[in-house]
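S.K.:
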Amino acid sequence: RKEVEQDPGPFNVPEGATVAFNCTYSNSASQSFFWYRQDCRKEPKLLMSVYSSGNEDGRFTAQLNRASQYISLLIRDSKLSDSATYLCVVNSQAGTALIFGKGTTLSVSS
Amino acid sequence: GAVVSQHPSWVICKSGTSVKIECRSLDFQATTMFWYRQFPKQSLMLMATSNEGSKATYEQGVEKDKFLINHASLTLSTLTVTSAHPEDSSFYICSASGGGDLKNIQYFGAGTRLSVL
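Listed in order, the protein sequences are those of chains A and B. Its first residue numbered 19, the first sequence is counted upward by one per residue in the numbering used here. Its first residue numbered 57, the second sequence is counted upward by one per residue in the numbering used here.
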């Protein structure tokens with residue numbers, strides 16, 4: 019079983035749509051959770067951290083369910099510029115390497 | 057935010073040559089740096105973890121004699137791909153984390169795209 023699993027997509031949605039990505043992780047000792055965004059042929063960039071209480075940053079909402087070892091990302095009112103690959107990332111301990119999912123590709127069209 | 061500079065951004069080389077990639081933390085001291093590799097349509101895979109002043113820890117399946125890592129200072133780590141072959145063609149990305157409040161945050165370099173002919 020892979021450490022971090024995501025639906026690879028692609029998700030093709032029109033502008034203004036709401037889209038949700040899911041992710042599961044296998045290591046129950048994982049402590050930190052993130053969503054990164056990666057554009058084609060670029061490095062990953064931190065989109066947001068994910069907290070147990072859930073957190074929101076503008077149009078983006080992240081949720082964490084530790085019992086189910088499940089992480090989600092909701093994007094509301096999709097923009098063309100949201101087109102990218104979204105990486106679910108888990109960290110077992112501060113200062114150690116990040117574990118990346120394979121990514122979910124989003125394509126937003128006008 | 058903190059900046060990590062990675063150089064070069066793109067390398068094309070002949071089979072059998074060695075390629076050195078540099079990763080620098082520009083405005084913080086990086087106690088730990090990580091080297092990842094990403095093949096097309098695949099996730100980033102950790103190659104090795106390097107701590108300043110000590111030997112790097114390599115992931116299973118990564119040849120330490122082929123991928124030489126040096127972390128001689130708190131702001132610089134280098135990855136040398138020795139005797140590169142076409143199968144080494146990939147996107148190599150470094151990241152750095154600092155101590156204290158920066159320990160749980162990793163900052164990525166822009167990546168190096170290596171093409172071995």
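Note that CB positions come from ideal geometry on N, CA and C, so glycine has one too.
For the candidate residues A/40, A/128, A/35, whose alpha-carbon lies nearest to that of residue 82 of chain A?
M.R.: Locating residue 82 of chain A in the first sequence gives position 64, counting from the first residue. Per the Cα distances, A/40.
S.K.: Since residue 166 of chain B meets chain A, which of its residues come closer than 8 Å, beta carbon to beta carbon?
M.R.: Counted from its first residue, the second sequence places residue 166 of chain B at position 110. The contacting residues are 60, 61.
S.K.: Residue 72 of chain A to residue 92 of chain A, Cα distance in whole Å?
M.R.: Indexing the first sequence from 1 puts residue 72 of chain A at position 54. Indexing the first sequence from 1 puts residue 92 of chain A at position 74. Cα to Cα, the separation comes out at about 11 Å.
S.K.: For the stretch 40 to 69 of chain A, list the beta strand (DSSP E) runs that are entirely contained and at least 3 residues long, ordered along the chain.
M.R.: Runs found: 50 to 56, 63 to 68.
S.K.: Inspect the beta-carbon positions of residue 100 of chain B and residue 94 of chain B and report whether they are closer than 8 Å.
M.R.: The sequence position of residue 100 of chain B within the second sequence is 44, counting from 1. The sequence position of residue 94 of chain B within the second sequence is 38, counting from 1. Yes; because the gap between Cβ atoms is below 8 Å, this pair is in contact.
S.K.: Of all Cβ atoms in chain B, is any one closer than 8 Å to the Cβ of residue 116 of chain A?
M.R.: Here residue 116 of chain A is taken as the residue at index 98 of the first sequence, counted from 1. For residue 116 of chain A, the answer is yes, since a Cβ of chain B falls inside 8 Å of its Cβ.
S.K.: Contact criterion: CB-CB distance below 8 Å. Does residue 116 of chain B meet it with respect to chain A?
M.R.: Sequence index remark: in the second sequence, residue 116 of chain B carries index 60 (1-based). With 8 Å as the cut-off, residue 116 of chain B does not count as an interface residue toward chain A.
S.K.: Can you find the residues in the same chain that come closer than 7 Å, C-beta to C-beta, to residue 106 of chain A, ignoring five residues on each side of it along the sequence?
M.R.: Start at 1 with the first residue of the first sequence, and residue 106 of chain A comes out as number 88. Around residue 106 of chain A: 22, 24, 41, 53, 89, 119.
S.K.: Give, in chain order, every residue of the stretch 65 to 83 of chain B whose Cβ lies closer than 8 Å to some Cβ of chain A.
M.R.: Residues: none.
S.K.: Identify whether residue 99 of chain A lies in helix, strand or coil by the three-state DSSP scheme.
M.R.: By one-based count along the first sequence, residue 99 of chain A stands at place 81. In this structure, residue 99 of chain A counts as helix in the three-state DSSP scheme.
S.K.: Say whether the stretch 62 to 76 of chain A touches the stretch 103 to 115 of chain B, bearing in mind that this needs 3 or more beta-carbon pairs closer than 8 Å, one atom from each stretch.
M.R.: Contact between the stretch 62 to 76 of chain A and the stretch 103 to 115 of chain B is absent, because fewer than three Cβ pairs lie under 8 Å.
S.K.: Taking a cut of 7 Å between CB atoms, which residues from the stretch 92 to 109 of chain B lie near chain A?
M.R.: For the stretch 92 to 109 of chain B, which is checked against every Cβ of chain A, the residues closer than 7 Å are 98, 99, 100, 102, 105.
S.K.: For residue 169 of chain B, write down the residues that DSSP places opposite it in a beta bridge.
M.R.: Locating residue 169 of chain B in the second sequence gives position 113, where the first residue counts as 1. According to DSSP, residue 169 of chain B bridges with B/66, B/147.
S.K.: Measuring alpha carbon to alpha carbon, tell me which of A/101, A/110, A/60 ends up nearest residue 33 of chain A.
M.R.: Counting from 1 along the first sequence, the entry for residue 33 of chain A is found at position 15. Per the Cα distances, A/101.
S.K.: Return helix, strand or coil for residue 142 of chain B, following the three-state DSSP convention.
M.R.: Within the second sequence, the letter at position 86 stands for residue 142 of chain B. Residue 142 of chain B falls in the helix class under three-state DSSP.
S.K.: Contact criterion: CB-CB distance below 8 Å. Does residue 125 of chain B meet it with respect to chain A?
M.R.: Here residue 125 of chain B corresponds to residue number 69 of the second sequence, with the count starting at 1. Chain A, which has no Cβ nearer than 8 Å to the Cβ of residue 125 of chain B, makes this no.
S.K.: Once DSSP output is grouped into helix, strand and coil, what is the label at residue 75 of chain A?
M.R.: Mapped onto the first sequence, residue 75 of chain A falls at position 57. In the structure shown, residue 75 of chain A sits in a strand (DSSP, three-state: E or B).
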